[in-house]
Structures are given as structure tokens and as C-alpha cells.
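Worksheet: one structure, shown below.
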Amino acid sequence: MIQTITFYLFAALLILSAVFVIMARNPVHSVLWLIVCFFNAAALMILIGAEFIAMLLVIVYVGAVAVLFLFVVMMLDIDFAELRAGFVKNFPFGIILAIVLLAELVLGFGAYRAGGLDIGMADGTAAPIIGESNIESLGALLYGRYLFLFEAAGVVLLVAMVGAIVLTLRQRSEVRGQNIAHQIARRPEDATYNASPETGKGVRL
Amino acid sequence: MTAFFVDLGMAYGWAWFLATVIGVMLIALPLMLGVAMIIYADRKIWAAIALRRGPNVVGPFGLLQSFADGLKVFLQETIIPSAANKGLFLIAPIITFTVALLAWAVIPFGPGMVLANINVGLLYVLAISSLGVYGVVISGWASNSKYPFFSAMRAAAQMISYEVSIGFILICVILYAGTSNLNGIILAQVGHGFGLVNGFVFNILLFPMWVMFLISSLAETARAPFDLTEAESELVAGYQTEYSSMSFALFWLGEYANVLLMCALNAILFFGGWLPPLNIDLIPWFDIPGIIWLLLKILFFFFIFSWVKATVPRFRYDQLMRLGWKVFLPLSLVFVVLVSGWLMLTRYDGNAYQSNCMVARGAIDGAPVSPLCRIEDVQ
Chain A
2 MIQTITFYLF AALLILSAVF VIMARNPVHS VLWLIVCFFN AAALMILIGA EFIAMLLVIV
62 YVGAVAVLFL FVVMMLDIDF AELRAGFVKN FPFGIILAIV LLAELVLGFG AYRAGGLDIG
122 MADGTAAPII GESNIESLGA LLYGRYLFLF EAAGVVLLVA MVGAIVLTLR QRSEVRGQNI
182 AHQIARRPED ATYNASPETG KGVRL
Chain B
166 MTAFFVDLGM AYGWAWFLAT VIGVMLIALP LMLGVAMIIY ADRKIWAAIA LRRGPNVVGP
226 FGLLQSFADG LKVFLQETII PSAANKGLFL IAPIITFTVA LLAWAVIPFG PGMVLANINV
286 GLLYVLAISS LGVYGVVISG WASNSKYPFF SAMRAAAQMI SYEVSIGFIL ICVILYAGTS
346 NLNGIILAQV GHGFGLVNGF VFNILLFPMW VMFLISSLAE TARAPFDLTE AESELVAGYQ
406 TEYSSMSFAL FWLGEYANVL LMCALNAILF FGGWLPPLNI DLIPWFDIPG IIWLLLKILF
466 FFFIFSWVKA TVPRFRYDQL MRLGWKVFLP LSLVFVVLVS GWLMLTRYDG NAYQSNCMVA
526 RGAIDGAPVS PLCRIEDVQ
């Protein structure tokens with residue numbers, strides 16, 4: 002009973018906050034609603050017993066990704082008039098996107114009504130072993146059966162990261178970089194000397 | 166405690182509910198009292214190092230100073246800047262305070278003395294401590310003022326940077342313990358150093374990890390020398406500039422509760438938590454309740470925190486970023502490889518790992534069952 006109540010509570014909150022993400026006028030509020038959204042998704046994960054995924058969702062999305070979103074959005078100079086002016090221009094595009102999403106939803110629900118997709122293999126290897134904790138069964142799968150796919154995903158992410166760095170890297174010759182080792186190795190005797198200049202002569206610069 | 170209420174003739178669900186509520190009270194109320202005393206201790210240590218007396222007027226030895234401060238703050242007028250984003254401005258300190266309390270749910274105070282004995286305990290702590298940044302960022306933005314905003318920007322970048330290396334350090338510990346349950350991690354440390362000392366810190370591969378964890382936990386809680394978020398010479402009071410009264414007090418309490426949490430994590434992950442320091446039974450070490458050992462270790466780390474605060478000058482922001490990204494991140498990454506390589510060599514058949522898990526499961530039977538570890542209980 003309480004499972005059903007909590008499920009509907011979290012699911013309703015999830016959808017409500019998702020609606021607020023797009024309804025909120027202020028982008029910062031949107032990001033904060035998105036965080037509430039992530040939280041409720043994590044709570045739903047816990048309800049189906051996937052506590053590891055739930056924690057990862059909070060660590061990765063709430064702890065890192067959403068903070069970066071917030072970081073960027075907070076620095077935006079929000080001009081509401083301009084936001085509304087863009088509305089008419091982007092309206093047809095938005096309609097197309099909405100239709101695509103609607104079609105996906107209809108397809109998804111249709112497929113779901115036709116019967117659940119059986120992800121586990123017939124020989125039972127991919128199905129979680131009862132009694133094992135989440136982390137252990139996930140680890141056994143990721144580092145055993147799906148090792149190649151897992152590493153391939155890692156390589157793809159690495160390539161994406163290198164690509165992002167290459168695209169944004171600028172060699173700026175006019176800026177003098179900071180050499181920490183050089184700075185630490187500098188001693189007073191390298192930088193200072195005592196001088197007793199004669200009157201009117203000045204000192205060496 | 167659930168069993169006690171069941172014996173009194175309650176239904177299991179209600180007994181569990183009541184036991185959990187009492188458990189929350191038993192953790193939160195002493196924690197608040199502890200925070201008040203730890204603020205006093207912080208000021209006293211700082212004063213002693215600076216050759217001052219510190220608070221010594223209110224109560225005997227000034228012991229009631231924190232309560233006097235709390236009362237003063239409580240009686241102040243709450244001022245909300247007219248240009249502030251009112252809702253978020255008021256929510257921000259509540260977030261900081263709540264998040265600081267939440268993580269204590271999984272901290273084990275003794276064998277079985279834990280509110281929620283979940284499998285993913287360490288990940289839960291990491292998840293919750295990564296939320297701490299929201300209180301700071303939201304307060305900085307909602308204040309609609311220059312200095313809090315700068316502070317929020319700094320806090321966001323700083324906390325994310327150090328969380329990355331903290332994550333890698335925690336992975337090393339999890340690899341060694343073979344579990345991410347905090348009780349399991351503590352039990353994996355029994356006699357870890359030469360069979361004599363309890364604690365991962367006496368492992369040559371994990372000692373550098375502990376040093377990095379200590380420094381990272383200073384940065385993660387924005388304590389001196391990494392308190393760039395509230396550098397008073399640059400940013401007035403940082404993100405708390407516009408706050409007054411209770412909302413300010415909530416920041417204050419949350420901050421110190423976070424510091425205590427980081428001290429507890431240092432103790433649990435590397436110094437054997439509620440285990441006595443030595444694994445010898447010459448003196449009846451093990452008869453002393455675990456909570457006393459844990460509290461002593463927390464106080465020891467808090468002393469280090471205050472000591473560092475009183476002696477080390479503040480970092481410059483670019484140096485802080487350099488330390489996080491260019492020193493700690495590569496170093497911790499190298500150590501993840503080293504630790505997992507060493508474990509591959511020594512525990513290749515996986516027996517050691519299995520036995521660790523068994524120890525953890527056998528020992529946590531008496532713990533209150535949280536809904537999160539129901540899967541574990543199926544077996």
C-alpha cells in the first residue's frame with residue numbers, strides 16, 4: 002500500500018516539477034525545478050530497488066551537471082522582452098519538436114501495452130542474481146558480460162572529452178603563463194640586492 | 166530499537182517508524198549541541214594559537230558562549246533585501262542546514278548503532294555532500310548582490326573541483342574494503358596495519374590518499390585555508406553577506422555540522438571509525454563503547470581542522486584550482502590504478518573480497534533495517 006502511495010507521490014511530483022521546468026519564466030528557477038525532478042527520479046529508482054543507480058543519479062546529475070547548468074544560467078543577463086520576442090520565431094520549430102515527442106510517447110505506450118520487453122537473456126545470465134547487492138550484480142555485469150561495450154562507451158566519452166578540449170584550446174602567445182616551480186624556486190637573493198647609490202645618481206633598474 | 170517496540174505489542178510498520186523517528190532525534194539533537202560546543206572549541210583553539218584568551222565571559226570558561234550567540238541571533242530582526250528573490254533567499258539556508266544533517270543518517274556510531282545501514286552508504290554520503298553547494302550557490306544568486314554572487318561562483322567551482330578527487334579517493338577505499346557500506350568499511354580495517362593497528366591509513370598505498378582526503382575535506386567544507394567563498398578581505402562575508410537572524414544561524418550550524426561530518430568521514434574511512442586504534446587485547450580496548458572511540462577521533466580531526474585554520478594563510482583562487490585539478494586529480498587517478506593493480510595481484514581469486522563482505526553482513530545483523538537494505542535481507 003505505502004509503496005503505491007509513495008510511487009504516485011514521487012511520480013506526480015516528478016511530472017509536476019518537469020512541467021515547471023518549462024513553465025518557469027526565470028531560467029534559474031527552471032534549473033532548480035530540474036533538480037527537484039532529478040531527486041524524484043532518484044526516489045523512484047530507490048522504490049524499484051535500484052539504490053545504486055539512484056545514488057549515481059544524485060551524484061552525477063544533481064551534484065555535478067546541474068551545478069554547472071546553474072553556474073552558466075546564473076551568469077546569464079536575462080532580458081525577458083527578448084525571450085518573448087524569440088517565441089514567435091521559434092514557434093514552428095517548437096511545434097515540430099512537440100509532435101515528435103508526442104509520436105514517441107504514443108509509440109512507447111503502444112509498445113508497452115503490447116507486452117513488456119524482456120531484457121534478461123533466456124539463459125538467465127543478464128537477470129540480477131537474487132541476494133546480491135546492486136553494486137555487486139551491476140559490477141559483475143559491466144565488468145564481465147558487457148566488458149567490451151562498457152570499455153567502448155568509455156573510449157567514446159574520452160574521445161568526446163579530447164574533442165571538446167581541442168575545440169576550445171587557444172594558444173595565446175601574448176599571455177605569460179605561470180610557472181609554479183619557477184616561482185617557488187625563487188629565493189630572496191635572486192630578486193633583491195642592497196644598493197647605496199650616491200646622491201643624484203639613482204639606482205639600476 | 167525496532168525489535169523493542171515490536172515487543173511492546175506494536176505492528177512492525179509503526180514500530181519501525183517510531184524507532185526511526187527516535188533515531189533521528191538521537192542523532193540530530195546531540196549533533197546540534199555538539200556543533201554549539203565545537204564552535205566554542207574552534208574559537209578557543211584559535212585563540213590559544215594566537216596567544217589570546219578566547220571566549221571566557223559567558224558561563225564557566227565561556228562554555229555558554231555559543232548559546233549566547235545563538236540567542237542573540239535568534240532575537241535579531243530578519244532582513245530580506247528588497248531586490249532579493251524572496252523564496253530562494255529563504256530556502257537557501259534551510260537547504261544548507263538540512264543537507265548537513267541528512268548525511269549523518271548513515272554514519273555508524275558503533276557496531277549496529279546506525280540509523281540507515283544501507284549498501285550504498287559511502288555513495289549516499291558523497292551524493293548528499295555534493296548537495297551542500299546548492300545552499301551556497303542559491304543564497305549567492307538570490308541575494309541579488311555583488312559579493313554574495315562572486316562567492317557563489319567561487320563555491321560552485323571549488324566544490325565541484327574537489328569532489329572529483331574525493332570521488333577517486335573514496336573509490337580506493339571501497340576497493341580495499343570490498344564494500345561501500347560504512348560498517349563494512351570499518352570492519353575491513355580490523356588489524357589492517359600489520360595485524361596490529363586498525364585503520365587504512367597504515368597502508369602505504371592509502372596513506373597518501375588520506376593526506377589528500379584531509380586537504381580535500383578542508384576545501385569541500387570551505388574551511389581555512391580554502392575559505393575563498395567567505396574571504397572577508399575580498400568579499401565582505403561571502404554568500405552570507407545579506408543574511409541576518411535565524412537564516413544566518415542556519416548557515417552557521419550547517420557549516421559546522423558539515424565540518425564535523427568530514428571529520429567523522431576521515432575517522433571512519435582511514436582511522437577505523439568506532440574501532441579502538443590498536444588490535445591488541447592487552448588493555449581491554451574493545452570494552453570501551455565504539456561511540457567513544459569515534460567521538461575521540463572526530464575531536465582529533467577537528468583539532469587538526471582548527472589548527473590548520475589558525476596557522477595557514479588563505480590560498481589564492483588560482484592556486485586552489487591548480488591544486489585540485491593539476492595535483493590532486495592526476496595523483497588520485499594514479500592511485501586508483503595502483504590500488505586496483507595491487508588488489509588484482511594479491512586478491513586475484515576474489516576470496517579476500519568475499520570474506521570481507523561476509524564479515525560485514527554477519528556483523529550488521531542487529532542494526533535497524535532501513536527500507537534501502539531490504540534487498541540485502543532477502544538472502
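Going down the list, the protein sequences come from chains A and B. So for the first sequence, our numbering puts the first residue at 2; every next one is plus one. So for the second sequence, our numbering puts the first residue at 166; every next one is plus one. Each residue gets a CB set at the ideal place from its N, CA and C atoms; glycine is no exception.
**Report entry** Cβ pair residue 272 (chain B), residue 347 (chain B) closer than 9 Å
**Finding:** Contact flag set, yes.
Requested in this report: Run down chain B in chain order and give the residues with a C-beta less than 8 Å from the C-beta of residue 72 (chain A).
Outcome: Against residue 72 (chain A), the close residues of chain B are 302, 318, 321, 322, in the order they occur along the chain (beta-carbon pairs closer than 8 Å).
Query raised in the report: Where do the ends of the alpha helix (DSSP H) carrying residue 431 (chain B) lie?
Result: Membership of residue 431 (chain B) in the alpha helix (DSSP H) is indicated by the continuous run 410 to 435.
**Report entry** Given residue 1 (chain A) as reference, the closest of B:490, B:435, B:289 once Cα atoms are compared
**Finding:** An answer regarding residue 1 (chain A) cannot be provided, because it is not within the stretch 2 to 206 covered by chain A.
Query raised in the report: Using the C-alpha atoms, what's the distance from residue 463 (chain B) back to residue 446 (chain B)?
Result: Distance between the alpha carbons of residue 446 (chain B) and residue 463 (chain B) is about 23 Å.
Report task. Reducing DSSP to helix, strand and coil, say where residue 506 (chain B) ends up. Result -> Correct three-state label for residue 506 (chain B): helix.
Requested in this report: Report buried or exposed for residue 4 (chain A), applying the criterion of at least 16 other Cβ atoms within 10 angstroms of its Cβ.
Outcome: Residue 4 (chain A) comes out exposed.
Query raised in the report: Is the segment 265 to 283 of chain B touching the segment 206 to 224 of chain B, taking contact as three or more C-beta pairs under 8 Å?
Result: For the pair of segments examined, the segment 265 to 283 of chain B was found not to touch the segment 206 to 224 of chain B: the number of CB pairs separated by less than 8 Å stays below three.
Requested in this report: Evaluate the contact criterion for the segment 236 to 253 of chain B versus the segment 401 to 418 of chain B: three or more CB pairs, one atom per stretch, below 8 Å.
Outcome: Verdict: yes, contact present.
Report task. Pull up the distance between the alpha-carbon of residue 297 (chain B) and that of residue 195 (chain A), whole angstroms please. Result -> Roughly 52 Å separates the two Cα atoms.
Query raised in the report: If you count every other CB in all the chains shown that lies within 10 Å of the CB of residue 258 (chain B), and 16 or more means buried, which is it?
Result: Residue 258 (chain B) should be labelled buried.
Requested in this report: Decide if residue 303 (chain B) is buried, meaning its Cβ has at least 16 other Cβ atoms within 10 Å, or exposed.
Outcome: By the neighbour-count criterion, in which a residue is buried when 16 or more other Cβ atoms sit within 10 angstroms of its Cβ, residue 303 (chain B) is buried.
Requested in this report: Just the C-alpha distance for residue 217 (chain B) and residue 417 (chain B), rounded to the nearest angstrom, thanks.
Outcome: Taking the straight line joining both Cα atoms gives about 23 Å.
Query raised in the report: Would you call the CB atoms of residue 422 (chain B) and residue 320 (chain B) closer than 9 Å?
Result: Not a contact, by the Cβ cut-off of 9 Å.
Report task. Note the first and the last residue of the continuous alpha helix (DSSP H) segment covering residue 242 (chain B). Result -> Where residue 242 (chain B) is concerned, there is no enclosing alpha helix (DSSP H), given that its DSSP letter is neither H nor E.
Report task. Please check if any C-beta of chain B sits within less than 9 Å of the C-beta of residue 24 (chain A). Result -> By this cut-off, residue 24 (chain A) is not an interface position.
Query raised in the report: What span of residues does the alpha helix (DSSP H) with residue 483 (chain B) cover, start to end?
Result: Segment 482 to 487, the alpha helix (DSSP H) holding residue 483 (chain B).
Query raised in the report: What is the DSSP secondary structure of residue 611 (chain B), reduced to helix, strand or coil?
Result: With chain B covering only 166 through 544, there is no way to say anything about residue 611 (chain B).
**Report entry** Proximity test, Cβ basis, 9 Å: residue 159 (chain A) and chain B
**Finding:** Interface criterion not met: the Cβ of residue 159 (chain A) is under 9 Å from no Cβ in chain B.
Requested in this report: Count the other C-beta atoms from every protein chain shown that fall within 10 angstroms of the C-beta of residue 183 (chain A), then say buried if there are 16 or more, exposed otherwise.
Outcome: Counting the other CB atoms within 10 Å of its CB gives residue 183 (chain A) a total below 16, which places it among the exposed residues.
Query - 7 Å CB neighbourhood of residue 20 (chain A) in its chain, flanking five on each side removed - result: Here residue 20 (chain A) has no same chain residue with a Cβ atom under 7 Å from its own Cβ, once five neighbours each way along the sequence are excluded.
**Report entry** residue 358 (chain B) in three-state terms, based on DSSP
**Finding:** Look at residue 358 (chain B) here: in three-state DSSP terms it is strand.
Query raised in the report: What are the residues that DSSP puts in a beta bridge with residue 443 (chain B)?
Result: Its beta-bridge partners are B:362.
Query raised in the report: Can you find a CB in chain A that lies within less than 9 Å of the CB of residue 143 (chain B)?
Result: Outside the shown range of chain B (166 to 544) lies residue 143 (chain B), about which nothing can therefore be said.
Query raised in the report: Is the CB-CB distance between residue 316 (chain B) and residue 300 (chain B) below 9 Å?
Result: When the beta-carbon positions are compared, residue 316 (chain B) and residue 300 (chain B) stay at least 9 Å from each other.
Report task. Spell out whether any CB of chain A is found under 9 Å from the CB atom of residue 336 (chain B). Result -> No, no contact with chain A.
Query raised in the report: Do you know whose CA, among A:109, A:23, A:39, lies nearest residue 1 (chain A)'s CA?
Result: Because chain A here runs from 2 to 206, residue 1 (chain A) falls outside it and cannot be looked at.
Report task. Classify residue 398 (chain B) as buried or exposed, calling it buried when 16 or more other Cβ atoms lie within 10 Å of its own Cβ. Result -> Residue environment for residue 398 (chain B): exposed (fewer than 16 other C-beta atoms within 10 angstroms of its C-beta).
Query - Neighbourhood of residue 441 (chain B) by C-beta, 8 Å cutoff - its chain only, sequence neighbours within 5 removed - result: Counting only Cβ-Cβ distances below 8 Å, and skipping sequence neighbours, we find 363, 450, 451, 453, 458.
Query raised in the report: In the segment 40 to 69 of chain A, which residues sit with their C-beta less than 7 Å from some C-beta in chain B, listed in chain order?
Result: Within the segment 40 to 69 of chain A, the qualifying residues are 47, 50, 52, 53, 56, 59, 60, 63, 64, 65, 68.
Query - Short CB-CB distance (under 9 Å) between residue 162 (chain A) and chain B - result: Answer no: the Cβ-Cβ gap between residue 162 (chain A) and chain B never drops below 9 Å.
**Report entry** Beta-carbon neighbours of residue 298 (chain B), restricted to chain A and to distances below 7 Å
**Finding:** Here the neighbours are 68.
Query - Same chain, Cβ closer than 6 Å to residue 426 (chain B), neighbours up to 5 away in sequence not counted - result: The beta carbon of residue 426 (chain B) sits closer than 6 Å to the beta carbons of 268 from its chain, once the five residues preceding and following it are set aside; these are given in chain order.
Report task. Round the Cβ separation of residue 307 (chain B) and residue 265 (chain B) to the nearest angstrom and send it over; I've been treating them as touching at under 8 Å. Result -> So it is not a contact: roughly 19 Å between Cβ atoms.
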